[in-house]
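Input: a single structure, listed below in structure tokens.
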Amino acid sequence: MKNLSLMRLSIWAYLAIFFAYLLGPLVIMSIAAFNSPEFPRATPWECLTFEWFSALFQDERILNGIKNSILVGFGTVVLSVAMGLAGALMLTQLGPKLRATYYTIIIAPILVPGVVIGISTLVFWDRINRMLGLDADSFLSNGLFLTVIGQSTFIASYCMLVLVARLQRYDTALTEAALDLGATHAQAFRKVLLPFMKPAIASAAVLAFLASFENYNTTTFTFGEYPTLTIELAQKVRYGITPAISALAFISVLLTVFAALFNEANIRRKELVALARKQATVEELSRGSFKMPGFLSSNWAAVALVIVACATVVVVGTATVYSPQQCIADVQEQKRLETELRIQELQRQRELRRQQQEAEQGSTAPAQSKPAGNNSGFGGVFAPSTLSGEDSSSAVEPEAKASGFGGAFAPSALSGEETSEGSGN
Amino acid sequence: MSAGVGVDLEKLWIRFGDFVAVRDANVHINGGDFFSFLGPSGCGKTTILRAVSGFLEPSEGQVLIGGNNMKGIGPNKRPTALIFQNLALFPLMKVWENITFSMEVKGASAKERRKRADELLDMIALPDQGDKLPWELSGGQRQRVAIARALCAEPDVLLLDEPLSALDLKLRQHMRTELREIQKRVGITFIYITHDQGEALTMSDNIAVMRAGVIDQIGDGKTIYNDPATAFAASFVGENNVFRGTVKQVQSDTALISTNRSGDLLARVSSANQGKMKAGDDAMMFIRPEAFALAPVGAQGDHFVTATVTNEEFEGNAFNIFMEGEGGKEMKVSLPNLGQSFDSHKGQPMTLQYDVQNAVAMPAGDLATE
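Line order of the protein sequences matches chains S and Z. Counting in the numbering used here, the first sequence runs from 1 upward without gaps. Counting in the numbering used here, the second sequence runs from 1001 upward without gaps.
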């Protein structure tokens, strides 16, 4: 009995840890999107702000990246789903011997590193372009075209896997029945096979879009004049990130939650409708007047969807009237006061130390110390200016601010360090 | 003969690689007939059906429908409709859309289609069920929808591939009569595939018995049952007691067979084999369980068999007696239940007699394996 409850407890603990591992970074990221410091972080909490969202929507490069990503995404969806469906149909037409070989060949692009696909796409289409005697700015060397082609190379294989799974449950007798009843091959495909494949095609399309949207290593070789969102983000990180990135992350998390809830609500609604159809009498069915369940009735996903939607509307509404200026000003005032106090403290300590040194008169030379321990782990590479908000002690020293190394080699920083070490001893 | 469209198979061969699925089939099916292909699974009967419906091109020979050679004409252009073994109703379409699919692909309006669907639903006794989805119907109802869907295409020939095999016994028997009635009403040619001899015998005007790609015999049910052409036909259609032996003497249409374990017995040579049997040939003779009658114990002669009763069972309409003759020769006898008293003879010897007309002899051949 006791063992059992211990077992249960450990399962719950495991689940908690697992979900914390999965969702923790997202939660931190989302909180950081609403925090006012200029470096994305969740603690210490300073002020609730929506300015990072407006910063995001004013960032031309990010917006352009999103636009390009969506364009590429749609292109990839159309191309990969079409190729995937063709590949899947082909697979069902082949004999068992050929099938294994064909399957390996068609799956291979998934196993090839994205970088290789990127480079080879670029080189291949460049050769074609030259063979056709076209200019360097022709359609074939267009960044959008190359990216769509490059990504579809392997995304089509994913689509094919999804479609094959559904196609395997397809009864080919259905196509034969359609033909037998006088349908042409095109009609049999459109009226019988395609409706059957619809759910799988939808899944494959979503999968293809997401895979395309998040792709970096293939795109990085092919984007040309059309940097996608991932490319823009990667380039931005080199110059330091702001919580605007967190805001973007938060929006994508929210969109995902919306899509998931919408999908779940839809599935549940279909189940309920099927149940209602089953319970309906024949007359009700033929008159089409059987009791349809309400959208929200016994459908938690729909309820959650509505709640999330309402919450979003409320937050957006608040954001348009809310102004964190007072809070930010307060925080800055508080920081200024803290800083002044530290400066006074430092000066007092320095005074004390000089007096000691005078008394002991050069008995020991100060040892070379390590870089300042109170610096961030990144050594300030991301944004030197963010350090001022993060670390008030280095903000005090004007020399430290100027150095790219977070004040590690500034003489005054050294002295400060020594002081603290000295006081520690 | 009625005005329906006939079907002819002429020297039809169908091969898959080295495997011969159909060997030199020559069949003439009268217009308006209910014609069955009867045979065990894997005998090639479905292959023939697919060749008629156009899903398969014959390797040799030809299929004629209404006298027209169907070579190179696809299934969607042939005047045939096929009812699939698993019915193959379109799962995402409502019943009425299923039924009128053949009109939809020709571009008929929804209103027209709906009207026709309602007529057909009335005909198959499923009024007002048009808005259901196929999985919402019972097995027998789905069966009838499949028939309606095929009939909606107004085919000249309806092909049925074991459509009743998935149904339970009661429903199967009911559907037999229903199918037969529908066929009489619409007056078109039905070609029916089955491994169930009961279905074939009760419904068909004519039956072709198939074995391993070869058509053994074509004839009406009575001929096939009473006058089988081959040992296979005799053993596959209905129950039969087989006696192996050699021909001792042939006299016009009767043969004296020297059986291996039951002595010399007289039998009628089946009509397909008359003149083909001579003394010394290996032969088989068949006697139906119901063709036996009880005789005084110990009676001797060329139409008496004596054996020991091993088991008895009561089947309702008949008493079945299982017997073991000399050398382990097993026999089954069915005595119709006419209300007579029945005394158990288990373990006792019993003598049976038969009318020579009810015993058929033919050259030895392969038997149907159960």
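Beta carbons are placed, not taken as given, at the ideal position from N, Cα and C, and that holds for glycine. None of these values were measured; they are calculated from a predicted model.
- Put simply, the stretch 1227 to 1242 of chain Z does not touch the stretch 1062 to 1072 of chain Z. Fewer than three CB pairs are less than 8 angstroms apart.
- For a cut-off of 8 angstroms, the C-beta gap from residue 1096(Z) to residue 1131(Z) is around 7 angstroms, short enough to register as a contact.
- In the DSSP assignment, residue 1174(Z) falls within the unbroken alpha helix (DSSP H) covering 1169 to 1186.
- In its chain, beyond the 5 residues on either side, 81, 84, 159, 162 and 163 have a beta carbon closer than 7 angstroms to the beta carbon of residue 204(S).
- Contact between residue 122(S) and residue 146(S) holds: CB atoms are separated by about 7 angstroms, below the 8 angstroms threshold.
- The beta carbons of residue 1280(Z) and residue 1246(Z) sit closer together than 8 angstroms.
- Per DSSP, the continuous alpha helix (DSSP H) segment holding residue 278(S) begins and ends at 243 to 279.
- Burial state of residue 1113(Z) is buried, judged by a 10 Å Cβ sphere holding 16 or more other Cβ atoms.
- The beta-carbon of residue 1058(Z) is placed no less than 8 angstroms from the nearest beta-carbon of chain S.
- Around residue 163(S), no beta-carbon contact reaches into chain Z at under 7 angstroms, the shortest distance being about 17 angstroms.
- Residues of chain S whose Cβ lies closer than 7 angstroms to the Cβ of residue 1068(Z) do not exist; the shortest such Cβ separation is about 17 angstroms.
- The bridge partners DSSP lists for residue 1256(Z) are 1249(Z) and 1266(Z).
- Under the Cβ distance rule, residue 1105(Z) counts among the residues neighbouring chain S, one pair being separated by less than 8 angstroms.
- In the DSSP assignment, residue 1161(Z) falls within the unbroken beta strand (DSSP E) covering 1157 to 1161.
- Taking C-beta separations shorter than 7 angstroms and ignoring five residues to either side along the sequence, the partners of residue 1368(Z) in its chain run 1040, 1232, 1235 and 1236, following chain order.
- In this structure residue 1286(Z) is buried. Its beta-carbon is surrounded by 16 or more other beta-carbon atoms within 10 angstroms.
- Residue 309(S) sits in a helix when the DSSP states are folded into three classes.
- Taking 8 angstroms as the CB threshold, residue 196(S) lines the interface with chain Z.
- Scanning the stretch 1293 to 1369 of chain Z from its first residue to its last, the whole beta strand (DSSP E) runs of 3-plus residues come out as 1304 to 1314, 1318 to 1324, 1330 to 1336, 1349 to 1354 and 1359 to 1363.
- Sorting 304(S), 41(S) and 226(S) by C-alpha distance to the C-alpha of residue 257(S) places 304(S) at the top.
- Of the other Cβ atoms in all chains shown, 16 or more fall within 10 Å of the Cβ of residue 1262(Z); this residue is therefore buried.
- Chain Z has a Cβ within less than 8 angstroms of the Cβ of residue 181(S).
- Across the structure, residue 52(S) and residue 63(S) are spaced so that their CA atoms are roughly 14 angstroms apart.
- Annotation for residue 103(S): the continuous alpha helix (DSSP H) segment containing it runs 96 to 111.
- Our two residues, residue 1027(Z) and residue 200(S), have alpha carbons roughly 46 angstroms apart in a direct line.
- Among the residues of chain S, those whose CB is under 8 angstroms from the CB of residue 1081(Z) are 180 and 181, following chain order.
- DSSP lists no beta-bridge partner residue for residue 185(S).
- Apart from the 5 residues on each side of it in sequence, residue 1149(Z) sits with its Cβ closer than 6 angstroms to the Cβ of 1098 and 1099 in its chain, given in chain order.
- With three or more CB-CB distances shorter than 8 angstroms, the stretch 1104 to 1118 of chain Z counts as touching the stretch 178 to 190 of chain S.
- Note: residue 1208(Z) is bridge-paired with 1037(Z) and 1218(Z) in the DSSP secondary-structure output.
- Between the alpha carbons of residue 1352(Z) and residue 1260(Z) lies a distance of about 18 angstroms.
- In the structure shown, the three-state DSSP call for residue 1194(Z) is strand.
- Note on residue 310(S): under 16 other CB atoms within 10 angstroms of its CB, so exposed under the neighbour-count rule.
- Residue state for residue 1240(Z) is assigned as coil, using DSSP reduced to three classes.
- Residue 1081(Z) sits away from residue 1063(Z), with the two beta carbons spaced by 8 angstroms or more.
- At least one CB of chain Z lies nearer than 8 angstroms to the CB of residue 177(S).
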